[in-house]
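The opening position of the sequence shown corresponds to residue 14 in my numbering, with each subsequent residue numbered one higher.
Don't be surprised by glycine CBs; every beta carbon is placed ideally from N, CA and C.
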Amino acid sequence: MYYANALVSGLDCYLNSATIGRRRRVAVLAFEEERGGAEMTKIMSAISTKGGSGKSTTIRILAAQLASEGKKVVIIDTDPQGSCAQWVQNAENKGRKIENLGFLAINQLTDIEPTVAKLRGKVDYILLDVQGAATAMILPVAKVSDLIILPWAVTQDDWEALKKSYVILDRIRTDDASISPIIVISNNRITAPDLNHPYVKNRFDVAKKMNIRAAETLIWKRTPYTDMLIKYGSIPQIESTNESIVKAKAEHQAFTHEMLSMLSEAQAKVA
């Protein structure tokens, strides 16, 4: 059960706020009861050292699908562009409020760990959308994440950014064995010719050489992913027979459940 204008262990929280100011803080949920302990909260992040790689789209897909399944979700956004904030607010303004979804914007890397610590146990999932090119944020994000997604469109710039992100993460986990999130390559904005790209076609082999995972689910370049920011809000909430929307909904579900399966496998190994 959640309520508005409350505090989550000292965090200012708002529900259905109409403000998108300099800090772009919108619609943070607070919950009256613990969700089953801090270890029950799972944290997924999207990282790239460049903008436009699909980080925010990836976070919106996860958030929309998880919230539609009744999970309590908070997005933590470190990106000054605040596209996730705009997404939440635009959906509400159009009468498509996304239930079970909260939002918090932060702009200091030192805020990441304490913010996550205060939310643990009070929500089911925390999703971090990490500012592009903010390499200093990768370490604190890696420390708190259970799973990190490295999204990339099939361009040379995106591939170079993915490699740079991977090198930083690999160095982090080599230097500190206690930091060991699952790392996943995810292809975004896929078109039919991209299927023949060697790094798409052979993505599982590429990931194996890097000692990470590759997502089987491809996120295709679809109009609904562009329109979800301004027009649709949460795609899983849309009742439509439009082929593109139907396919986007299927991708939401397949991609999210694939990430959850990876989390479950890792938890089972620890147990």
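May I ask you to report which of helix, strand or coil DSSP gives residue i?
i, result
"Arg226", "strand"
"Asn200", "strand"
"Lys282", "helix"
"Ile195", "strand"
"Ala118", "strand"
"Asp183", "helix"
"Leu42", "For Leu42, the predicted model reports a pLDDT of 47, less than 50, meaning its position is unreliable and no value from the coordinates is stated."
"His265", "helix"
"Asp189", "coil"
"His210", "coil"
Keeping to the same chain, check which residues put their C-beta closer than 8 Å to that of residue i; ignore five residues upstream and five downstream.
i, result
"Thr269", "Ile74, Leu75, Gln78 and Leu79"
"Ser260", "Here residue 260 is Lys; the residue named in the question, Ser, does not match the sequence. Taken in chain order, the residues that qualify are Trp233 and Arg235."
"Ser158", "Ile56, Met57, Ser58, Leu141 and Pro194"
"Met150", "Thr91, Leu122, Ile125, Val143 and Gln144"
Write down the C-beta distance between residue i and residue j rounded to the nearest angstrom, noting that I regard them as a contact closer than 8 Å.
i, j, result
"Met57", "Met272", "6 Å"
"Met275", "Val197", "7 Å"
"Thr54", "Leu132", "7 Å"
"Ile88", "Ile72", "6 Å"
"Ile251", "Ile243", "Not a contact, Cβ separation roughly 14 Å."
"Ala104", "Lys110", "6 Å"
Less than 7 Å between C-beta atoms, sequence neighbours within five positions excluded: which residues of the same chain meet that for residue i?
i, result
"Ala155", "Ile161, Leu182, Ile185, Ile192 and Pro194"
"Phe288", "With the chain running from 14 to 284 in the structure shown, residue 288 is simply not present."
"Trp172", "Trp165 and Tyr212"
Buried or exposed, going by whether 16 or more other CB atoms sit within 10 Å of the CB of residue i?
i, result
"Thr70", "buried"
"Asn292", "Residue 292 lies beyond the stretch modelled for the chain, which goes from 14 to 284, so this question has no answer here."
"Lys135", "buried"
"Thr187", "exposed"
"Ser247", "buried"
"Gln102", "buried"
Excluding sequence positions up to five away, which residues of its chain have a Cβ less than 6 Å from the Cβ of residue i?
i, result
"Thr204", "Lys234"
"Lys85", "Asn113, Val136 and Asp137"
"Thr230", "Ala267, Phe268 and Glu271"
Under 8 Å, Cβ to Cβ, is there at least one residue of chain D near residue i?
i, result
"Val87", "Here there is only one protein chain, and chain D is not present."
*Where in the stretch 53-116 do unbroken runs of the beta strand (DSSP E), each at least 3 residues long, occur, reported from the N-terminal end onward?*
55-59 and 86-90
*Length-filtered (3 minimum) beta strand (DSSP E) runs lying within the stretch 124-166*: Runs of the beta strand (DSSP E) inside the stretch 124-166: 138-142 and 160-166.
*What residue ranges within the stretch 228-259 form continuous alpha helix (DSSP H) runs of no fewer than 4 residues, ordered along the chain?*
236-240
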